[in-house]
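Residue 321 in the working numbering sits at position 219 of the sequence shown, and the numbers go up by one each step.
Built from N, CA and C at the ideal position, the CB exists for glycine as well.
Below: the structure, in structure tokens.
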Amino acid sequence: MLVQTLKFMKIFTTKENKKLTEKYWLLTLEGEIKKPSPGQFVMVRAWPGFDPLLSRPFSIHYYEPGRLSILYEVKGRGTKLLAKLGPGKKVEILGPLGQGFPEVSSRDIILVAGGIGIAPFLFTAKEFIRKGHQVHLFYGARTQNDFLCLKEFEALGVSLTLTTEDGSLGTKGFITQPLKAYLSKHKKGVIFACGPMPMLSAVAQVTKESGIKAFVSLEAHMACGLGLCLGCVVKHKEQGYLHVCSEGPVVPAENVF
Ligand SMILES: Cc1cc2nc3c(=O)[nH]c(=O)nc-3n(C[C@H](O)[C@H](O)[C@H](O)COP(=O)(O)OP(=O)(O)OC[C@H]3O[C@@H](n4cnc5c(N)ncnc54)[C@H](O)[C@@H]3O)c2cc1C
Ligand code: FES
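Written out as structure tokens, the structure reads:
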């Protein structure tokens with residue numbers, strides 16, 4: 103298995119590492135991996151030696167042949183090291199990994215993002231629009247300065263509903279409030295959600311009440327990223343545990359909440 107893992111590990115080169123806001127960065131890498139499905143992730147390692155020991159998981163923010171980008175929030179040791187990368191540096195990439203957002207028959211796709219949970223949705227929106235879906239984005243942030251990629255979503259033709267906790271842009275409050283109001287009027291579509299666990303739980307509750315199918319991208323600490331350890335397990339509602347890395351990160355909401 104280790105040999106197989108190493109076979110999938112690719113060396114990419116940094117093209118650009120751009121600070122977007124106080125805490126968010128966009129890392130663009132050059133190299134080749136298999137075309138990902140929207141919502142899949144990669145394990146990233148961009149430091150020599152064993153500190154930190156483990157690679158870190160990141161959603162695929164954008165992909166085109168020969169190029170991959172990661173939208174990340176600087177949190178701890180690993181992401182602080184990522185933020186120091188200049189152009190032309192080597193980065194180890196393992197992936198694409200996990201289960202992304204599924205193909206669905208509904209024409210309407212409703213994306214729900216909280217904070218850095220926006221990361222997988224630019225590529226997701228692009229791919230689903232290309233397949234003929236209509237995409238609406240519900241996006242919640244702390245303050246107006248925390249929104250990312252709004253122009254890019256608009257350029258794709260995605261309609262936007264925004265909320266901020268301080269009311270500085272969009273409606274004041276949490277994103278599940280306008281989502282609930284929207285779903286009570288338009289009882290159709292499929293929800294794809296990514297963000298902090300409390301937001302995912304609230305989305306699961308709202309969609310259950312509305313009878314709308316929802317898929318959530320789960321957060322978990324990861325070690326191998328390949329289903330080999332128990333680093334990422336979360337409790338399945340009915341069947342023991344699930345590995346977020348290999349059976350997720352995207353799962354039907356009712357499997358967990
Ligand atoms: C499938 C998946 C996709 C992800 N995609 C992105 C992405 O696109 N952009 C992005 O910024 N982040 C993403 N994350 C979260 C990212 O992996 C962590 O923020 C990162 O590993 C933190 O590493 P660090 O060394 O900087 O922080 P650490 O020093 O390891 O930890 C700093 C803090 O962050 C918390 N933390 C660490 N790992 C996670 C995690 N996996 N989930 C929640 N909290 C965590 C720790 O508990 C601690 O409080 C994703 C996580 C998963 C599981
Ligand atoms: S991270 Fe090892 S099993 Fe998921």
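Candidates 326, 356, 141, of which the one nearest residue 225 by Cα: Position 123 of the sequence shown, counting from 1, holds the residue named residue 225. That would be 141, whose Cα lies nearest to the Cα of residue 225.
Residue 189 (DSSP reduced to helix, strand or coil): Position 87 of the sequence shown, counting from 1, holds the residue named residue 189. Here residue 189 sits in coil by DSSP.
Residue from 320, 334, 331 whose Cα sits closest to the Cα of residue 358: If you number the sequence shown from 1, residue 358 lands on position 256. Nearest C-alpha to residue 358: 320.
Beta carbon proximity, residue 139 to chain C, threshold 8 Å: Absent here is chain C; the protein component of the structure consists of one chain.
Secondary structure of residue 292, DSSP reduced to three states: Within the sequence shown, the letter at position 190 stands for residue 292. Strand at residue 292.
Helix, strand or coil at residue 268 [DSSP, three-state]: The count along the sequence shown starts at 1 and reaches residue 268 at position 166. In the structure shown, residue 268 sits in coil (DSSP, three-state: anything other than H, G, I, E or B).
Which listed residue (347, 268, 126) has its alpha carbon closest to that of residue 322: Along the sequence shown, read from residue 1 onward, the residue named residue 322 stands at position 220. Of 347, 268, 126, the residue nearest in Cα terms is 347.
Short Cβ contact (8 Å threshold) for residue 147 with residue 157: Taking the sequence shown and counting its residues from 1, the one referred to as residue 147 is at position 45. Taking the sequence shown and counting its residues from 1, the one referred to as residue 157 is at position 55. Against a cut-off of 8 Å, the Cβ pair of residue 157 and residue 147 comes out as a contact.
Cβ-based burial, residue 268 [other Cβ within 10 Å; buried from 16]: By 1-based counting over the sequence shown, the position of residue 268 is 166. Residue 268 counts as exposed, since fewer than 16 other C-beta atoms from the protein chains shown sit within 10 angstroms of its C-beta.
Chain-order list of residues whose beta-carbon lies under 7 Å from that of residue 439 (same chain, five-residue window excluded): Any question about residue 439 goes unanswered here, given that the chain covers just 103 to 359.
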